[in-house]
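To start, the structure itself, in structure tokens.
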Amino acid sequence: MELRLGTHDETGKPMVEAWLDGKFMASIYVHEDGVRIVSEHLDGVEHGATFPPSVVIRFSK
0 MELRLGTHDE TGKPMVEAWL DGKFMASIYV HEDGVRIVSE HLDGVEHGAT
50 FPPSVVIRFS K
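Oh and the sequence shown: position 31 is 30 in numbering that gives the first Met the number 0, straight run, nothing missing.
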């Protein structure tokens, strides 16, 4: 997985793009309630039993 900095087309604000094997997987950007992840490839969320709490976002190809 590779993370690249980008700019949101509509807002002009910074965002992060997630790429896997040269294929665009997701947009990650600040949302009024936290962080928003937008992807056609979302395949699940795993909540980590860690401290501090964490999540793992899975993507399908």
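Backbone N, C-alpha and C define an ideal beta-carbon position, used for all residues, glycine too.
Grab the span of the beta strand (DSSP E) containing residue i for me, first residue to last.
{"i": "His46", "result": "41–47"}
{"i": "Ser53", "result": "53–58"}
Assuming residue i and residue j are in contact, meaning their beta carbons sit under 8 angstroms apart, how far apart are those beta carbons, in whole angstroms?
{"i": "Val54", "j": "His46", "result": "6 angstroms"}
{"i": "His40", "j": "Met24", "result": "5 angstroms"}
{"i": "Ile56", "j": "Val44", "result": "6 angstroms"}
Where does residue i sit, in a helix, a strand or coil, going by DSSP?
{"i": "His7", "result": "coil"}
{"i": "Gly21", "result": "coil"}
{"i": "Glu31", "result": "coil"}
{"i": "Ser26", "result": "strand"}
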